[in-house]
Amino acid sequence: MELYPSCLGSGKGLKKRKRESFLLDDQQLEAEEPQDLNDKDDGMAHSTLDEEKDLVDYAERYMTDEDNRIIQIDIPERMQISEVSTGAPPTDDDSIVKEARWIKEQFKSGQVPGLLPYIAMYRQEEISCLLDPETGEDVSHDKPALQRHKVLWAVHDLDRKWLLLQKRKKALQGNYNIRFEEISCKIDDETRLRFNRQVYESIISALRLAESERELDDVDSKFNLHFPPVEAHMGDIYKRCKEAGLWKVASKFGYSSEQLVDEMEDPKETPEDVASNFTYELFDSVEDVLKLARYMASVNLSHEPCVKNHVRSYYFDNAVVSTRPISNGNAVIDGFHQLRDKPLNEFEDALWLLIQKAEEKELLQVTIKLPEENLLELISESEKLYLSVSVSELAQLWNVQRKMIIEDAIINYILPALEKEARFLLTNRAKNWLLLDYGERLWNKVSVAPYQTKKRESSSDDEVAPRVMACCWGSGDPPTTFVMLDSYGEIVDVLEAESMSLGIRNDTDKLNLVKFMMKNQPQVVVVGVVNLSCIWLKDDIYELLLHVALSFVAEDYGTAVARMAVSYLGWLISVQPDFGDKILGRELDWVSVVSGDESLPCLYENSSMSDDQIPLEEGHVKRAAALGRYLQNPLAMVANLCAPSREVLSWKLSPFESFLNADEKYAVVEQIMVDVTNQVGIDLNLAANHDWLFAPMQFISGLGPRKAAALERSLSGAREIVSRKDLLTHGLGTKVYDSAAGFLRIRRCGLDDTRIHPESYILAQEIVKYIYKKFVSDDNLGDDVGIEMAIKNIRDDPSAWKAFDVDAYAKDTECLSKAKTLRAIKLELIQGFQDWRKPYEEPQQDEEFIMIYGANVTVDVGQTVKATVRCVKTELAICELESGLTGMLLREDCSDDWRDADLTGKLHEGDTLTCKIKRFQKTWYLVYLTCRENDMRNIGHQNGEKTVLWCYSS
């Protein structure tokens, strides 16, 4: 049928190319020239096979020996990688109990790869306390939803920290033994040897008790002070004092934290008498000796782990942060942006990182200190532990010296070190908050289900992705590009239009685009939004679809009705927004037009993965293909950018992510992708035939990039997998298979088409037999074929499931300990691999605004902005704001003087104005401005203007 004869044209400026998918859709139209296309297909087939062979050869050629070793060993890949740094974990009961207690203490104190997905899915009974509803990770819902296993990942991270801690402790003890023996061999003085032995034993005792990296640092600091390596250069004063034997005087003050003064006798001589024994050519007076001895005692005391730990605890509870602007910051930082005595423990978000950045730019001076009253209290409490309790005159003389030592140690040595620690703590805490925020934003991107057409939502068949027409706007070079994807995400057709940079404005464009859509039958159209032209293009496509539908109305109801509908098209849409959806039918059934974010497709366009997957296409075609594929399978598209080059790290998700390094971000990416991928599962045969769908395989439990790549090579060219057990013939060992099997889907294959793990097949079969015999038929089920048919029959009979009581069955079969597993089996038997992800929601106008202008642009009435004049008319001036928004300044809003009748004499193109936002026309993304003096004073106060502190702009 010919539509709109007046629109016929030559199609100048449009390029069309046909692309054949690897698995053609059943509804795909036949080619116009079958013979030529068949010839091309043969050539493409040979080319594809040659390319696959080259890729396999390349991968095998550049695989390192270590990579091959990881592939061959039957241990989950991430577990192997982790053990490279941590070493093999101990398996004896005592070590496990000790570690469990330590992890529990870390959770109490608020500090919070491998088999984790397998444990979360199939060992729920053993970890029920970690999946408790109070943690937000309850998985026992009738309608499950994707779960972030935050607690399990925290346990995983703490396990790694514990193993690294034990590894370091073991290494330190070995090094300490060697160095102590080396130093002892060079000392002839028996008193010195006994003293060194005492210090060494206190260090080893502290080493055994250390339960954090910070405590180990304290122990190591003390050891290196007393037993420095040969190549170390100690401070000249401390070295001279030690060589002169002043350690004997320093030890009289109460040498270590283990020697509380009330447990030892006071010296029998005055401090001056003891010091007089060391006056010789190096020291002029007794006071010099005492001064240097106090110095040694202060340094020794500041290196005592117990002392540092006590002061640290008090410091972190009471220290405060203050900021004030310095010369460069006075112009940009006002009094509302300054901190005054903010406690350390009140920093919870990214504020400290912003303060630190301002400090680096010499805008702020930052002070971290103990308030005076807290400092005096700390010194007073410390003196109670360090001073002698004796009231004798001799003891009091020594206490005078000790007071000076404790004050010197705290103020001059411990507190400056703790200030550095506090900065590190604040940075670490802010980064942890950022990582949580970054993970939440990524989770919201990848935990979204594929787009569902309205026809599919009302159908029981939700297995096939929709056919997508993806559109990426172009200014002409590159052109606006339309890419048609089949249900498997393969490119089947491309249309390039150089004349659509300002929308669909001519009849030729309309005709060619209609033909393109009528030929390829898209179920959804997605338009990438990068500027306002994209919004206009989206509206034009939608209006074009409505005109096509109205032409069918003309067939049914006559031309007059159709013309009237076209005339009032805008009014119909405004009063009945779903008008278009109601009348879109017939050949273009269920077509929707949605907006899409091009940030991820742009990364894919320039990625190495796109060169491998779509090697013959230009960049704008790859970008459009990625835009459509993200609609079909968001998880797979993100996984494609998690290749070794990690392009996903360039995906701008948070305005603060520049404070995180690549490894920190990718650790979060990996956790999120592992959680989502294993709960969603992978259709193995579908992924084996479409490389872009295979990308998430690297996040399946037990696998990793190496094992997934080896599996892909093994499946390439092989026949279809008909059973999970077939994976054992494709390089997976039994341990890796046990970890991965439950997450790999084999369609139309009984229990292999569910999330039920093979180890629970017997339980599932017993349930099927029980239900079938009790509610369906008395026939006995025999082999696996009978079980498979029974599952199909039971799924078609919802009443059987309603009558089946899991708790009663568990009680009757004495399987109460497996109740959670039985509930999960029931859900999978009802519907295998039900999609637990949240449904796709079309982007709203606020989200389109962010796509165009970025997440950091805020528009508030009363907000002061800078505007550059771009065009001046008599009654108005069109301006451009710094954010890129278009501003409109009307004549009456330009000045308080009503006599200013013409703006052309007052404003000129290029002028920069300071204005306030009067109102925002959201529909057109248009800001109305004012620069009248009265408005500049009043607007904002009347509308409750908000002040955003520490607003960060990327």
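The opening position of the sequence shown corresponds to residue 1106 in the numbering used here, with each subsequent residue numbered one higher.
Cβ atoms here follow ideal geometry from the backbone N, Cα and C, with glycine treated the same way.
A quick note: this is a predicted structure, and the numbers were derived from the prediction, not measured.
According to DSSP, is residue i part of a helix, a strand, or is it coil?
i, result
"residue 1982", "strand"
"residue 1396", "helix"
"residue 1697", "strand"
"residue 1158", "Per-residue confidence for residue 1158 stands at a pLDDT of 44, beneath the threshold of 50, marking its modelled position as unreliable; the derived number appears in the next sentence. If DSSP states are grouped into helix, strand and coil, residue 1158 belongs with the helices."
"residue 1596", "strand"
"residue 1934", "helix"
"residue 1351", "coil"
"residue 1863", "helix"
"residue 1679", "Model confidence at residue 1679 stands at a pLDDT of 46, short of 50, so the residue's coordinates are unreliable; what they give is reported in the following sentence. Residue 1679 falls in the helix class under three-state DSSP."
"residue 1401", "helix"
"residue 1411", "helix"
"residue 1621", "helix"
"residue 1829", "helix"
"residue 1824", "coil"
"residue 1050", "Any question about residue 1050 goes unanswered here, given that the chain covers just 1106 to 2059."
"residue 1918", "coil"
"residue 1791", "helix"
"residue 1852", "coil"
"residue 1473", "strand"
"residue 1454", "coil"
"residue 1430", "strand"
"residue 1260", "helix"
Between residue i and residue j, is the Cβ-Cβ spacing less than 8 Å?
i, j, result
"residue 1737", "residue 1594", "yes"
"residue 1732", "residue 1575", "yes"
"residue 1634", "residue 1646", "no"
"residue 1176", "residue 1812", "yes"
"residue 1571", "residue 1558", "yes"
"residue 1054", "residue 1802", "With the chain running from 1106 to 2059 in the structure shown, residue 1054 is simply not present."
"residue 1975", "residue 1946", "no"
"residue 1845", "residue 1808", "yes"
"residue 1908", "residue 1927", "no"
"residue 1702", "residue 1956", "yes"
"residue 2077", "residue 1454", "Lying before the first or after the last residue shown, residue 2077 is absent from the chain, which here runs from 1106 to 2059."
"residue 2018", "residue 1978", "no"
Can you find a heavy atom of the ligand FAD that lies under 7 Å from the Cβ of residue i?
i, result
"residue 1984", "Among the ligands in the structure shown, none appear at all, so the ligand FAD cannot be discussed."
Taking the beta carbon of residue i as the centre, do at least 16 other beta carbons fall within 10 Å, making it buried, or is it exposed?
i, result
"residue 1712", "buried"
"residue 1286", "exposed"
"residue 2010", "exposed"
"residue 1494", "exposed"
"residue 1530", "buried"
"residue 1408", "buried"
"residue 1780", "buried"
"residue 1894", "exposed"
"residue 1715", "buried"
"residue 1356", "buried"
"residue 1581", "exposed"
"residue 1865", "buried"
"residue 2042", "exposed"
"residue 1555", "buried"
"residue 1410", "buried"
Just grab the DSSP bridge partners of residue i for me.
i, result
"residue 1448", "1425"
"residue 1972", "1986 and 2018"
"residue 2033", "1993 and 2024"
"residue 1575", "1588 and 1631"
"residue 1519", "According to DSSP, which records beta bridges pairwise, residue 1519 is partnered with nothing at all."
"residue 1785", "Bridge partners of residue 1785: none, in fact."
"residue 1702", "1634"
"residue 1923", "For residue 1923, which the question treats as bridged, DSSP gives no partner whatsoever."
"residue 1977", "1982"
Please confirm if the segment 1472-1491 is in contact with the segment 1404-1423, defined as three or more CB-CB distances below 8 Å between the two stretches. yes
Counting pairs of Cβ atoms below 8 Å between the segment 1318-1336 and the segment 1389-1402, do you hit three or more? no
Does the segment 2029-2037 come into contact with the segment 1980-1995, if we say contact requires no fewer than three beta-carbon pairs (one atom in each stretch) closer than 8 Å? yes
Is the segment 1865-1877 in contact with the segment 1930-1943, if contact means three or more CB pairs nearer than 8 Å? yes
Three or more beta-carbon pairs under 8 Å between the segment 1452-1461 and the segment 1753-1771, yes or no? yes
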